[in-house]
Every structure is written in C-alpha cells, then in structure tokens.
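> I'd like to ask you about the structure that follows.
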Amino acid sequence: MNRRELLKTTLGAAAAAPAAAASPWRNAFAGCECELEAAPAAAPPASAPRLKVTDLKVIGVTSDVLMPDRPHIFVKLETDAGVIGWGEATLEGKAGAAMQAVKDLSYAIIGQDPMRVEHLWQSMYVHGFYRAGPVLGSAISGIDMALWDIRGKVLGKPVYELLGGPLDDRGVRGYYHLMSGGTRSLLPPDAPYRDQVAEVRRRAEQYGVTAFKTGIPGYYEWLDTHQRIKEAIDRLFVLREVLGDQIDIGIDFHAKTGPTVATVICREIEPLNLMFVEEPCPPENVQAMKRISDRTTVPIATGERLITHYGCRELIEQKVVDILQTDSAHVGGISAQWKVAAMAEASGIRMAPHACEGPIAGIATLHVDAAMPNFLVQEICGGVEPGPKEKLWEEFLGFPAMRMVNGYFPLPTKPGLGIEIDEAVLAKYPFGGTKPFVILPLHEDGSIASP
Amino acid sequence: MKIVEIEPMAVAEPGGRGYIIVKVTTDDGPAGYGEAPPTHDPLEAVERLRKELTSLRGRDPAQTLRIDWELFGSGASPTARAAANVALLDILGKSVQAPLYEVLGGPTRNKVRAMAAIEGDSTSALSEAVLRAKQTGHRAFSIPLHIPSGRERGRAFYVGIRRMMDLLREAAGEECDFVLDCGGRTTPGEALSIADRMEDFHLLWLDEPFDDLSAAAEAGLSRRTSTPVGLGRTYTENSRFQDLLREGAVDVLRPDLSLNGVTPIKKAAALAETYYIDVAPFHRGGPIGTATGIHIAAALANSFIQETPFSLNEADQRMRRDLAGGWDETPEEGFFKLPEGPGLGIEVDDRALAEYRVRS
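Protein sequence lines correspond, in order, to chains Z and L. So the first sequence is numbered by the numbering used here: it starts at 73 and just counts up by one. So the second sequence is numbered by the numbering used here: it starts at 12 and just counts up by one.
Encoded structure:
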C-alpha cells in the first residue's frame with residue numbers, strides 16, 4: 073500500500089467511525105495508557121477580544137555589575153493593538169532553563185486575549201500537566217507580570233488600583249541588605265564589623281531607612297560546634313547593639329542550617345526582638361520548619377523558593393510560620409502572589425516578599441504589596457548606598473528603580489506596571505550564558521554545604 | 012472622582028421577596044450599585060446602612076481596600092461592607108469601560124452555570140416549580156428540605172426525602188441536577204442519614220446542613236459520606252472558610268454574596284483552589300446580586316454555579332427585569348450568558364427603583 077492509499081483508507085475508516093475517533097488528536101494519544109480523549113469543542117472565554125498577543129520575546133541581559141548567576145530574564149509581550157507588556161522570569165543559576173521555559177509557553181499565549189490573565193495562568197499551570205517547580209514557576213511569573221502590565225495599560229490604571237490599593241499613601245515599606253551595593257565601599261574592607269555597621273546606621277538615619285537584613289556568618293552542618301554557633305550569636309548581638317532599637321532587623325539563615333542548629337541559635341537571639349529569621353532550614357519539609365517555630369518566639373519567615381499558592385498551602389494550614397516571602401518572579405507572578413497573600417491573611421500571616429532579581433520583578437511586587445492588608449515589608453537586594461547595579465537599572469527604566477525614599481518605595485503612577493523599557497538599551501547587554509548559583513560552598517572536610 | 016451620595020433603598024417584589032439596593036453616586040463619574048439582604052424591618056435596615064456607609068462620602072471610589080478596612084474598623088456590618096464593595100467595583104468597571112469580570116482578571120469561561128433556588132412546600136408544588144424553571148432554561152435546582160418541627164425525624168422523614176428527590180428527577184429528566192438545601196437545620200448525625208441515602212442520587216451537593224458549628228463538628232459529616240457537602244452561608248470571615256478546608260469539612264464553599272462582596276469571595280476562592288474545591292456563592296436576593304455572582308464566577312478559576320431565586324410569579328420576574336434595565340436573569344440550557352456592559356453590566360433603572368421602593 074503506498075502512502076496515498078494508506079491515507080485514503082485511514083480517512084475512510086475515520087469517516088465511518090464515531091466522532092471521537094475522527095478527531096485529528098486521536099493519534100496523539102496512541103500508545104498512552106491513561107485513556108486521554110479529545111475534549112469536546114468549546115469556545116474560549118470572551119468571544120470578541122479587543123486585542124491579541126502577537127509575539128512573546130525573552131530577553132536575557134548580562135552585565136558585570138549583576139550577580140553572575142542571575143542575568144535578568146525579561147519577558148516582552150506584543151499585541152495587535154500596539155500595547156506592550158513587560159515581565160521578568162529571572163531564576164538564579166538556571167537562566168537558560170528559565171528562558172527556554174518561557175519560550176515553551178508560547179503556545180498558551182500567542183494569539184490569546186491578554187486581558188484574561190486568570191484563564192491564561194490556569195492554561196499555563198493546569199494544561200502544562202507539570203504544575204509547578206521553580207523553572208516553570210518563573211516562566212509563568214514573567215508572562216503573568218507582562219499580562220498584568222498590558223491589562224493595566226488597556227484599562228488605564230496602575231495594577232495596584234485594579235487590585236483595590238493602595239492601602240498606604242507613603243508607598244511600600246522596604247528594607248535594604250546591610251552590606252550590599254555601594255555600602256561596601258563606605259569603609260575599607262578590613263574595617264572592624266562594628267565600624268561598618270555604625271556607618272550603615274548613620275546613613276540609614278540620614279535617608280530614613282528603617283529596616284535591614286543580613287545573614288549569619290559561614291556555613292553549617294546539621295549539627296555543629298560550639299565555636300561556630302557562638303560566632304553567629306555574638307555577631308547578631310553586636311548587630312543589634314550597633315544598629316540600636318529603632319531599626320528593624322531580619323536575619324537570613326538562607327537554609328544554611330537545619331532545624332537542630334537553627335533552634336539553638338533562635339532560642340538565644342530571642343532577646344534581640346528580630347523582625348524575623350528567614351529560612352532557618354531548607355524549604356521542602358514543613359514539619360522540620362515547624363520544629364523550629366514551635367520552640368522559639370522569633371518570628372519565622374520563609375517562602376522565597378515556594379512556587380504558587382499551592383506550594384504555600386501546607387505551611388499556612390499547619391500554622392508554621394509568621395511571615396511568607398514568596399517571590400513574584402518565581403511564585404507565579406502577580407496572580408499567584410496575590411493568592412498567597414489572601415491565603416496568608418486568613419491565618420494572620422504577614423507578607424514580606426522576596427526580591428533579589430531584576431527591577432521589573434521588584435516593581436511588579438510593589439503593586440501587589442500595595443494591595444495586601446497583611447503586608448509587612450518589601451525586600452530589595454541593594455544597599456543603603458546605591459551601587460553600579462542600581463545605575464544599570466536606572467539606565468533600563470529611566471528612574472532609580474527600587475530605591476526607597478524615606479524608607480518607602482514610591483509607587484509608580486502610570487498605567488500597568490508603570491514602567492517603560494527601551495529594548496535597544498537592553499541590547500547593549502546581550503545574554504552571556506548560564507552561570508551556576510553564586511556560591512558553591514564546601515565544608516572543611518570537602519562535603520557539600522548549603523549556600 | 013469623589014463619592015457624593017450613598018443611598019440605600021428597600022424594594023419589594025409583588026410576591027413579597029424584599030432586598031435593599033445601595034446606590035453610590037459620584038461627582039463626575041458613574042454611579043455604582045450593590046445589594047444588601049432583606050430584614051424583617053427594611054426601612055430600619057435602610058437607615059442602618061445609610062449610617063454605616065455615610066463615611067464613604069467624599070472618598071475616591073477606587074480605594075476599595077482602604078474603604079473596606081475603615082468600614083471594618085468603624086464596626087460596619089458585613090452586609091454594609093459587601094454592598095459597598097460591589098458598588099465600588101461597579102464604579103471601577105464602569106470608569107475603565109470594562110465588565111467587572113475583566114477588571115478582576117477574567118473571563119475564565121464563556122458562560123456561567125446557573126441554578127434556580129426553588130420554592131414550594133409540597134412535592135407537587137416543588138415539582139411544578141422545577142418544571143417551570145426548566146422551561147425558562149434552568150437545568151439545576153436547589154430544593155428546600157422541609158423539616159418537621161420537633162424531634163420527628165424518623166424513618167418516614169428519611170425515606171420521604173429520597174422519594175421526593177427521585178420524583179423530582181423523574182419529572183425533570185436525567186439532564187437535570189439538584190442541590191438539597193437543609194437550611195442549617197439538621198445536626199451532623201441527621202445530615203449523615205440524609206447524605207447516606209442520597210449518595211447514589213448524585214446530588215450536586217447537600218447544602219448547609221448546619222450553620223455555626225465548629226469546623227471540627229462540621230467535618231464529621233463529609234468524613235463519612237460521598238455526598239458532597241456545601242457550607243459557609245453564614246460566614247463572614249475567610250478564617251472560617253479556611254477552617255472548613257483545613258478540616259476537610261466541605262466540598263463547595265457557599266459564601267453569601269450579601270455578606271461577603273466580591274473581594275472576600277475572591278480570597279475565599281484562592282484558599283479553596285489549593286484544596287481542589289469550588290466556590291458557589293449563596294444568593295437569594297435581587298438581580299444585582301445575581302449579576303455580581305455571574306461576574307465572580309466568570310473571574311474565578313474555581314467557580315461552579317451561580318444560583319438565583321426562582322419565582323413562579325410573573326410580576327416578580329417582571330420587576331427584577333425592570334430593575335435591571337431589561338437584563339434578564341434567565342439562563343439558556345442551564346447557563347447564564349456573560350454580561351457585556353461595563354461594571355456589573357446592567358443598567359439599574361431608577362424609575363423602576365422608585366416604583367418598587369418600600370417607603371413606609
């Protein structure tokens with residue numbers, strides 16, 4: 073039988089068979105034992121969309137002034153109405169995978185009505201079969217932000233107004249990192265820790281900054297020695313003493329510790345009344361996190377590695393943490409960040425969203441923050457003194473993006489995310505490839521340490 | 012844009028159903044409408060709402076969250092907050108020239124499943140109402156369970172329920188679906204006896220078997236039956252919905268539109284989504300409430316059905332249509348069409364409002 077005859081036979085058989093068998097998708101399911109069937113035809117929501125997505129672009133941006141593991145991954149959606157949407161899918165140490173994941177979602181976005189952000193979010197998440205994970209979560213996040221940007225521009229409102237905000241006229245309260253950005257060059261690198269912190273405090277008081285975050289020194293095994301534990305505790309007591317009582321302090325354990333060591337440290341730093349201790353153990357095990365929070369009065373924060381509101385459900389349900397820190401660039405964009413906040417609100421959990429990637433994700437998060445009744449504080453990976461990264465962001469966006477004024481991030485006032493980006497400027501910093509997470513530490517015996 | 016006036020108005024259908032329509036007027040923008048539930052004294056309720064909402068005057072209607080926060084702080088009732096939330100979002104939608112579901116991130120669907128809340132005090136009356144509702148396009152019906160007074164819930168009661176429901180399905184046809192509404196008047200034990208008998212009937216769900224029990228007590232029912240359970244009609248706090256979900260007590264969340272408004276229901280839906288649970292707002296009021304429910308359903312990923320009261324009285328139906336500026340709550344083959352206009356997508360007719368208003 074030649075090809076033409078085969079085709080005729082197949083078509084003839086199909087014509088005589090019931091409708092389901094005639095579906096052009098039928099063969100797609102052959103060999104799968106899970107009995108998938110062609111779905112009945114349904115019209116998509118909204119019969120007459122006023123605009124459609126015509127292109128989805130992923131733009132990687134590499135620069136010496138950015139942390140090498142996180143070249144910025146910007147998502148640009150174009151529409152037939154000329155409205156452009158921007159989002160960000162930056163994923164630390166996984167740039168190539170995240171860029172490809174965004175491209176892989178083109179099928180769900182191109183040709184679609186961008187106003188239907190919830191439908192498209194569900195389409196990416198549910199139709200994707202694999203529902204989450206950081207790579208897919210970041211890709212969904214970048215696209216979701218761009219869809220919200222378009223929605224806001226079409227409706228003529230900043231995104232936070234579409235969400236019912238702002239709740240605070242001053243903007244969004246933020247914190248800087250203690251020694252980031254231009255802060256490091258304030259004093260010689262060998263200056264004593266106390267002197268460095270004192271200089272940060274002086275500048276903070278000058279600028280009206282009211283909160284900082286820093287880490288604990290070194291790396292930890294799941295049990296650890298007296299000396300290492302004491303070093304961490306002593307450092308935090310010095311920090312509080314020098315910063316004083318008027319500045320709020322978050323301490324990022326960065327999941328360098330497990331529940332055992334974290335509990336020992338947390339118990340002893342209780343008198344410092346920290347704003348929070350962040351990721352006192354790795355994120356996969358809710359019960360392990362609970363063992364820490366059950367045994368200390370220190371507010372426990374976690375969430376920067378949690379993906380979608382589904383990923384936060386157990387932590388909230390089991391009443392494990394005081395603060396959630398989901399990251400708009402990973403959690404599933406503005407849509408998922410809003411849902412996490414809504415779930416947390418019903419359990420008295422506050423939101424302190426993570427932001428340590430690029431400026432679009434930061435600004436997108438400000439919009440959701442402004443509409444959270446349970447908002448606490450917004451992170452930005454930057455110092456009280458701006459550095460070269462902040463200059464680059466200003467070149468991208470035309471204003472000092474994610475810089476506080478009197479301790480608050482000002483809210484954008486233009487529709488959508490309220491930003492404009494010139495692609496030609498981004499093109500000056502072409503994508504330079506994927507680099508691994510910024511540090512790959514080993515313990516002194518050569519075994520793997522958690523960064 | 013500033014809010015210049017808040018006017019709650021009690022209206023009554025000729026058949027007796029009453030509710031309160033809250034009109035929020037702005038200086039140089041559109042007016043928005045919300046709805047509050049009936050009370051035994053509608054004029055007293057109007058006065059109370061007027062007092063509770065008076066602080067809205069002079070405010071920017073776009074600030075829905077802050078206004079709600081302040082209303083909460085001032086001790087305003089859930090009904091006042093819900094009506095304000097809907098009216099302000101109606102204004103927002105109208106001012107950006109988009110249907111409310113689009114402002115909220117939808118549509119997620121091209122039509123919304125409808126349910127008629129049936130009235131009747133005998134099997135024959137219920138049967139007639141179901142058939143009439145079916146003729147108008149309904150395919151799902153909420154049937155009120157008539158519970159004898161006192162402790163007479165014996166075998167005849169349980170057998171009678173199943174017989175009645177079998178008769179209704181036989182009359183309506185296999186393509187029709189049913190909710191059995193217990194009205195909050197059974198205990199977990201009694202509800203279990205009903206649910207047990209109804210398992211292979213495939214109710215959409217057994218509605219509100221009890222209200223205001225602890226979530227742990229409520230969970231006693233759904234832990235022991237495959238009949239889906241709907242709860243939450245009296246709840247005004249998302250922590251209560253969260254407790255129902257935590258305890259595994261519920262198969263469909265039933266926030267009352269007139270107690271929760273749009274934003275809280277969206278939040279309840281976010282909670283429910285992570286438990287793979289749908290939301291179906293409770294509604295026994297007027298057409299503004301029905302339209303609100305349709306917009307919520309069209310904006311959520313996990314909505315299932317929107318109910319609307321079904322009256323056999325044509326004068327009632329006419330009044331609802333008149334109030335809603337000609338918008339018809341009648342579904343087609345079991346589904347509501349999505350409203351197309353901005354905001355709630357209905358133009359409330361002030362003349363009809365004046366005509367049906369309860370004044371004394």
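In this text, a Cβ means the ideal position worked out from N, Cα and C, and glycines have one as well.
Does the Cβ of asparagine 407 (chain L) have 16 or more other Cβ atoms within 10 Å, making it buried, or fewer, making it exposed?
Residue 407 (chain L) cannot be examined here, being either before or after the span of chain L that is shown, 12 to 371.
> Taking the C-alpha atoms as reference points, what is the distance between glycine 504 (chain Z) and threonine 398 (chain Z)?
Taking the first residue of the first sequence as position 1, residue 504 (chain Z) is located at position 432. Taking the first residue of the first sequence as position 1, residue 398 (chain Z) is located at position 326. About 28 Å.
> To the nearest angstrom, report how far apart valine 403 (chain Z) and glutamate 386 (chain Z) are at their CA atoms.
One-based indexing of the first sequence puts residue 403 (chain Z) at position 331. One-based indexing of the first sequence puts residue 386 (chain Z) at position 314. Roughly 15 Å between the two C-alpha positions.
> For a test of the three-state rule: what should DSSP assign to tryptophan 294 (chain Z), helix, strand or coil?
On the first sequence, residue 294 (chain Z) is found 222 positions in, with the first residue counted as 1. In the structure shown, tryptophan 294 (chain Z) sits in coil (DSSP, three-state: anything other than H, G, I, E or B).
> Within 8 Å of any Cβ in chain L, is that where the Cβ of phenylalanine 228 (chain Z) sits?
Looking up residue 228 (chain Z) in the first sequence gives position 156. With the sequence shown as reference, residue 228 (chain Z) is identified as glycine, and phenylalanine is not the correct amino acid for it. Yes, glycine 228 (chain Z) lies at the interface with chain L (some Cβ there is under 8 Å from its Cβ).
> Thinking just about the alpha-carbon of each residue, which of Z:Gly159, Z:Leu512, Z:Ala436 is nearest to the one in proline 482 (chain Z)?
Taking the first sequence and counting its residues from 1, one reaches residue 482 (chain Z) at position 410. Checked all of Z:Gly159, Z:Leu512, Z:Ala436; the closest Cα to proline 482 (chain Z) is Z:Ala436.
> Excluding the 5 residues flanking serine 522 (chain Z) on each side, which residues of the same chain have their C-beta closer than 6 Å to its C-beta?
What you label residue 522 (chain Z) is simply residue 450 of the first sequence in a count that begins at 1. Result list for serine 522 (chain Z): Ala327, Lys328, in chain order.
> Hey, how far is the Cα of glycine 139 (chain Z) from the Cα of valine 133 (chain Z)?
Position 67 of the first sequence, counted from the first residue, corresponds to residue 139 (chain Z). Position 61 of the first sequence, counted from the first residue, corresponds to residue 133 (chain Z). According to the sequence shown, residue 139 (chain Z) is methionine rather than glycine. Distance between the alpha carbons of methionine 139 (chain Z) and valine 133 (chain Z): 11 Å.
> Counting C-beta neighbours from all protein chains within 10 Å, is the total for glycine 69 (chain L) 16 or more, i.e. buried, or is it exposed?
By one-based count along the second sequence, residue 69 (chain L) stands at place 58. Exposed is the call here.
> Determine whether the beta carbon atoms of histidine 348 (chain Z) and alanine 334 (chain Z) lie at a separation below 8 Å.
For the purposes of this step, residue 348 (chain Z) is taken as the residue at position 276 of the first sequence. For the purposes of this step, residue 334 (chain Z) is taken as the residue at position 262 of the first sequence. Correcting the residue type first, residue 348 (chain Z) is phenylalanine in the shown sequence and not histidine. Their beta carbons are not under 8 Å apart, which means phenylalanine 348 (chain Z) does not touch alanine 334 (chain Z) by this criterion.
> Counting only the same chain and skipping the five closest in sequence on each side, list residues whose C-beta sits under 6 Å from that of tyrosine 197 (chain Z).
Stepping through the first sequence from its first residue, residue 197 (chain Z) is reached at position 125. Excluding positions up to five away in sequence, the list reads Arg203.
> Report back the beta-carbon spacing between alanine 127 (chain L) and tyrosine 44 (chain L) to the nearest angstrom; my notes put them in contact at under 8 Å.
Translated into the one-based positions of the second sequence, residue 127 (chain L) becomes position 116. Translated into the one-based positions of the second sequence, residue 44 (chain L) becomes position 33. Contact flag wrong, Cβ pair sits at about 23 Å.
> At what residue ranges does the region 419-503 of chain Z contain a whole run of the beta strand (DSSP E), taking only runs of 3 or more?
Within the region 419-503 of chain Z, no complete beta strand (DSSP E) run reaches 3 residues.
> Residues of chain L with a CB under 7 Å from the CB of leucine 234 (chain Z): which are they?
Within the first sequence, the letter at position 162 stands for residue 234 (chain Z). By Cβ distance, chain L contributes Val114.
> Could you check how far apart the C-beta atoms of leucine 268 (chain L) and aspartate 101 (chain L) are, in whole angstroms? I think they sit under 8 Å.
Numbered from its first residue, the second sequence carries residue 268 (chain L) at position 257. Numbered from its first residue, the second sequence carries residue 101 (chain L) at position 90. Actually they are not in contact, since the Cβ atoms of leucine 268 (chain L) and aspartate 101 (chain L) sit about 13 Å apart, beyond 8 Å.
> What three-state label does DSSP hand aspartate 188 (chain L) in the structure shown?
For the purposes of this step, residue 188 (chain L) is taken as the residue at position 177 of the second sequence. Looking at aspartate 188 (chain L) - three-state DSSP - the assignment turns out to be strand.
> Is glycine 252 (chain L) helix, strand or coil by DSSP?
By 1-based counting over the second sequence, the position of residue 252 (chain L) is 241. At residue 252 (chain L) the sequence reads phenylalanine, which differs from the glycine that was named. Three-state DSSP puts phenylalanine 252 (chain L) in a helix.
> Would you say proline 199 (chain L) and glycine 231 (chain L) are within 8 Å of each other, going by their C-beta atoms?
Locating residue 199 (chain L) in the second sequence gives position 188, where the first residue counts as 1. Locating residue 231 (chain L) in the second sequence gives position 220, where the first residue counts as 1. Cβ distance < 8 Å, so proline 199 (chain L) and glycine 231 (chain L) count as in contact.
> Starting from methionine 209 (chain L) and walking both ways along the alpha helix (DSSP H), at which residues does that stretch end?
For the purposes of this step, residue 209 (chain L) is taken as the residue at position 198 of the second sequence. 199-209 is the extent of the alpha helix (DSSP H) around methionine 209 (chain L).
> Pull up the distance between the alpha-carbon of leucine 227 (chain Z) and that of proline 261 (chain Z), whole angstroms please.
Here residue 227 (chain Z) refers to the residue found at position 155 when the first sequence is read from its first residue. Here residue 261 (chain Z) refers to the residue found at position 189 when the first sequence is read from its first residue. Computed Cα separation, rounded: 50 Å.
> Who does serine 153 (chain L) pair with in a DSSP beta bridge?
Against the second sequence, residue 153 (chain L) aligns to sequence position 142. Paired residue(s): L:Ala128, L:Val190.
> Cβ of isoleucine 222 (chain Z) within 8 Å of Cβ of glycine 154 (chain Z)?
Numbered from 1 along the first sequence, position 150 holds the residue referred to as residue 222 (chain Z). Numbered from 1 along the first sequence, position 82 holds the residue referred to as residue 154 (chain Z). Their beta carbons are not under 8 Å apart, which means isoleucine 222 (chain Z) does not touch glycine 154 (chain Z) by this criterion.
> Less than 8 Å between the C-beta atoms of arginine 142 (chain Z) and glutamate 376 (chain Z), yes or no?
Translated into positions along the first sequence, residue 142 (chain Z) becomes position 70. Translated into positions along the first sequence, residue 376 (chain Z) becomes position 304. No; because the gap between Cβ atoms is not below 8 Å, this pair is not in contact.
> Compile a chain-ordered list of the residues in the region 374-404 of chain Z whose CB is closer than 7 Å to at least one CB of chain L.
Listed in sequence order: His381, Tyr382, Arg385, Glu389.
> Report all residues from its chain with a CB closer than 6 Å to the CB of alanine 91 (chain L); omit the five preceding and five following residues, and keep chain order.
Within the second sequence, numbered from 1, the residue matching residue 91 (chain L) stands at position 80. Cβ neighbours of alanine 91 (chain L) beyond the five flanking positions: Leu60, Glu63, Leu64.
> Around the Cβ of aspartate 188 (chain L), are there at least 16 other Cβ atoms within 10 angstroms (buried) or fewer (exposed)?
For the purposes of this step, residue 188 (chain L) is taken as the residue at position 177 of the second sequence. Result: buried.
> In chain L, which residues lie with their C-beta within 8 Å of the C-beta of leucine 208 (chain Z)?
As a working note, residue 208 (chain Z) is residue 136 in the first sequence. Those do not exist, as leucine 208 (chain Z) stays about 17 Å from chain L at its closest Cβ, beyond 8 Å.
> Three Cβ pairs or more, each shorter than 8 Å: is that satisfied between the region 261-277 of chain Z and the region 307-321 of chain Z?
These segments touch.
> Please classify tyrosine 373 (chain L) as buried or exposed, where buried requires at least 16 neighbouring CB atoms within 10 angstroms.
Not covered by the structure: residue 373 (chain L). The range shown for chain L is 12 to 371.
> Quick check: the Cα distance between glycine 114 (chain L) and alanine 427 (chain Z), rounded to an integer number of angstroms?
The residue you call residue 114 (chain L) lines up with position 103 of the second sequence. The residue you call residue 427 (chain Z) lines up with position 355 of the first sequence. Strictly speaking, residue 114 (chain L) in this sequence is valine, with glycine absent from that position. Spanning the two alpha carbons is a distance of roughly 26 Å.
> Using a Cβ-Cβ cut-off of 8 Å, state whether asparagine 271 (chain L) counts as contacting chain Z.
Sequence index remark: in the second sequence, residue 271 (chain L) carries index 260 (1-based). No, asparagine 271 (chain L) does not count as interfacial toward chain Z.
> So, at 7 Å on beta carbons, what are the nonlocal neighbours of serine 195 (chain Z) in its own chain, with the 5 sequence-adjacent residues on each side left out?
Taking the first residue of the first sequence as position 1, residue 195 (chain Z) is located at position 123. Same-chain partners within the cutoff: Ala180.
> Is leucine 256 (chain L) near tyrosine 286 (chain L), with beta carbons less than 8 Å apart?
Counted from its first residue, the second sequence places residue 256 (chain L) at position 245. Counted from its first residue, the second sequence places residue 286 (chain L) at position 275. Yes, the pair counts as a contact, with Cβ atoms nearer than the cut-off.
> Let's test the definition: count the other Cβ atoms within 10 Å of the Cβ of histidine 199 (chain Z) and tell me whether it reaches 16, buried, or not, exposed.
For this step, residue 199 (chain Z) is matched to residue 127 along the first sequence. That one is exposed.
> Taking tyrosine 232 (chain Z) as the reference, give the member of Z:Gly459, Z:Pro484, Z:Val358 with the closest Cα.
Taking the first residue of the first sequence as 1, we reach residue 232 (chain Z) at position 160. Cα-wise, what sits closest to tyrosine 232 (chain Z) is Z:Pro484.
> Could you check whether the Cβ of glycine 117 (chain L) sits closer than 8 Å to any Cβ belonging to chain Z?
Counting from one through the second sequence, the residue named residue 117 (chain L) turns up at place 106. True, the Cβ-Cβ gap to chain Z drops below 8 Å.
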